[in-house]
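Taking it in order: structure first as structure tokens, then the write-up.
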Amino acid sequence: MIYQGSCHCGQVAYEVEGEIQGALACNCSMCQRKGSLLWFVPRAQFRLRTPEDAAATYTFNKHVIKHRFCPTCGIHPYAEGVDPKGNPMAAINLRCIEGIDLDAIPVQHYDGRDS
Numbered sequence: 001m002i003y004q005g006s007c008h009c010g011q012v013a014y015e016v017e018g019e020i021q022g023a024l025a026c027n028c029s030m031c032q033r034k035g036s037l038l039w040f041v042p043r044a045q046f047r048l049r050t051p052e053d054a055a056a057t058y059t060f061n062k063h064v065i066k067h068r069f070c071p072t073c074g075i076h077p078y079a080e081g082v083d084p085k086g087n088p089m090a091a092i093n094l095r096c097i098e099g100i101d102l103d104a105i106p107v108q109h110y111d112g113r114d115s
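Here the sequence shown is numbered in UniProt numbering, starting from 1 and rising by one per residue.
Okay, here's the thing in structure tokens:
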């Protein structure tokens, strides 16, 4: 399945291919404030529909995850990083995907604060 997603104003838009099996809710200092529900996919399944430079980047702590956000509306629609094996990954904020029922998606809670 191909899903469409974007920030609030549409300046940052993307599509992502895959099946949403579940979401991750992290309580690290960043994710807790954003309220993201994350779906991790290989980076090859994620395609920007807007220019790469439409999104700004924020990193913190170990600077291994690129938290991407819209500089106009402030929404964080996705992040980029690597999995434990070094494969490029995208962390999709499911709250930015169009037309899905978030209540039907199982959520796993991750203790990022103490990791």
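No residue lacks a Cβ here, since even glycine has one placed at the ideal position from N, Cα and C.
None of these values were measured; they are calculated from a predicted model.
* Asked: Do Pro77 and Cys7 come within 9 Å of each other at the CB atom, strictly closer than that value?
  -> Yes, the pair counts as a contact, with Cβ atoms nearer than the cut-off.
* **Cβ pair count under 8 Å reaching 3, the stretch 95-109 against the stretch 31-51** => Under the 8 Å Cβ criterion, the stretch 95-109 counts as touching the stretch 31-51, having at least three qualifying pairs.
* By how many angstroms is the C-alpha of Lys34 removed from the C-alpha of Val16? -> Approximately 21 Å, taken between the alpha carbons.
* Could you check which residue in Met30, Gln45 and Ile75 has the C-alpha nearest to that of Thr59? => Closest option to Thr59, Cα to Cα, is Met30.
* To do: Could you name the residues of the same chain whose beta carbon sits closer than 6 Å to that of Gly18, not counting the 5 residues immediately before and after it, in chain order?
  => The answer, listed in chain order, is Val41 and Gln45.
* To do: Note down, in chain order, each residue of its chain lying with its Cβ closer than 6 Å to the Cβ of Pro106, except the 5 sequence neighbours on either side.
  => The answer, listed in chain order, is Gly22.
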